[in-house]
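Undergrad: Counting in the numbering used here, the sequence shown runs from 766 upward without gaps.
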Amino acid sequence: MSIIDTKVELNKDLILVTLANGESSLHRAGQDRLHSLPGQARTSLDNAPLQKYLREALLSPNLDKIAPYLWLAFTPDHAHISPLHLQAARGRSIIVAENVHLHLVWYHDRIFIKPLPAYLLSSAFWEYADRTDKAIWQAAAGFMRTYAYLIKYESDFRKAQSTELGLIPSNNGGDAITYEQFAQLIAPFAELDDTRVTPRYTMERCG
């Protein structure tokens with residue numbers, strides 16, 4: 766069962782296909798003949814290149830390795846992630862960074878944030894990840910959980926959707942995504958405990 770219900774998903778471009786041998790794969794919905802991951806036009810949905818891309822885009826093994834030692838520098842708590850409006854109030858400029866290793870790293874007056882890709886808003890994607898690679902699921906879930914803290918209020922949502930930042934998709938392929946819809950989708954991730962995410966996301970501190 767997917768962590769995102771099909772009733773609240775905000776990207777309907779993917780469907781999950783399971784063969785008789787139990788192998789699962791993702792395909793584009795509809796008749797558009799596209800064979801790429803939503804929001805990632807250069808990434809094929811064929812399992813081998815897709816798995817390679819997802820591991821590179823979402824996993825941060827080096828940070829996972831050092832996570833158990835970060836308590837020496839500060840008290841680890843994933844809830845110590847301030848929403849976007851507070852980042853601005855503290856004088857931090859938001860730098861968009863696709864590299865997941867930089868996500869929520871801050872230095873003086875700058876903080877790096879990885880945009881939320883459209884495919885993570887798809888119910889089919891989460892079911893696929895759950896069936897094919899638990900590490901990808903846990904890393905993606907930890908990443909999504911950070912957005913539950915970054916976007917806490919409607920003002921955060923508007924800032925994230927701004928043309929200046931573009932941190933989250935502005936539409937679902939047709940209609941505009943509203944704050945209420947996003948809040949409903951992200952809610953299950955806010956409830957995840959640390960055992961369900963990769964170690965890196967148990968130690969985030971970005972107050």
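Every residue gets a Cβ at the ideal spot worked out from N, C-alpha and C, and that includes glycine.
Since the model is a prediction, treat every value here as computed from it, not as a measurement.
1) Using DSSP with H/G/I as helix, E/B as strand and the rest coil, what is A862?
2) Assign N776 to one of three DSSP states: helix, strand, or coil.
3) Leaving out five residues before and five after H868 in sequence, what residues of the same chain have Cβ atoms less than 6 Å from its Cβ?
4) Who pairs with A941 in a beta bridge, going by DSSP?
5) If we count the other Cβ atoms within 10 Å of its Cβ and call it buried at 16 or more, is R910 buried or exposed?
6) Can you name the start and end residues of the beta strand (DSSP E) that S790 belongs to?
7) Residues in the same chain with beta-carbon distance under 8 Å from A952, minus the five sequence neighbours each way, listed in chain order, please.
8) Apart from the five residues just before and just after G907, which ones in its own chain have a Cβ nearer than 6 Å to its Cβ?
9) Give the DSSP-derived three-state secondary structure of S888 in the structure shown.
10) Within 10 angstroms of its Cβ, does I831 collect 16 or more other Cβ (buried), or is it exposed?
11) Under 9 Å, do S1030 and D958 count as touching if we go by C-beta distance?
12) Thinking C-alpha only, which one of L915, Y944, F947 and D778 is nearest D797?
13) Rank N937, A813 and S801 by C-alpha distance to the C-alpha of K772 and give the top, closest one.
14) Helix, strand or coil for I769, going by three-state DSSP, please let me know.
15) Which residues in the same chain as A889 place their Cβ atom closer than 7 Å to its Cβ, once the five residues preceding and following it in sequence are excluded?
TA: A quick look at the data gives this:
1) A862: coil per DSSP, three-state reduction.
2) Here N776 sits in coil by DSSP.
3) Excluding the 5 residues flanking it on each side, H868 has same chain C-beta neighbours closer than 6 Å at K879, in chain order.
4) DSSP output for A941 lists N936 as bridge partner(s).
5) A residue is called buried once 16 or more other Cβ atoms fall within 10 Å of its Cβ, and R910 is buried on that count.
6) Segment S789 to R793, the beta strand (DSSP E) holding S790.
7) Only residues of its own chain outside the window of five on either side were considered, and among them A913 have a CB closer than 8 Å to the CB of A952, listed in chain order.
8) Answer for G907: V962, T963 and Y966, listed in chain order.
9) Secondary structure of S888 (DSSP, three-state): helix.
10) With fewer than 16 other Cβ atoms within 10 Å, it is exposed.
11) It is not possible to answer for residue 1030, since the shown part of the chain is limited to 766 through 972.
12) Of the candidates L915, Y944, F947 and D778, the one whose C-alpha sits nearest the C-alpha of D797 is D778.
13) It is N937 whose Cα lies nearest to the Cα of K772.
14) I769 sits in coil when the DSSP states are folded into three classes, being neither helix nor strand.
15) Result list for A889: L779, I780, L781 and L791, in chain order.
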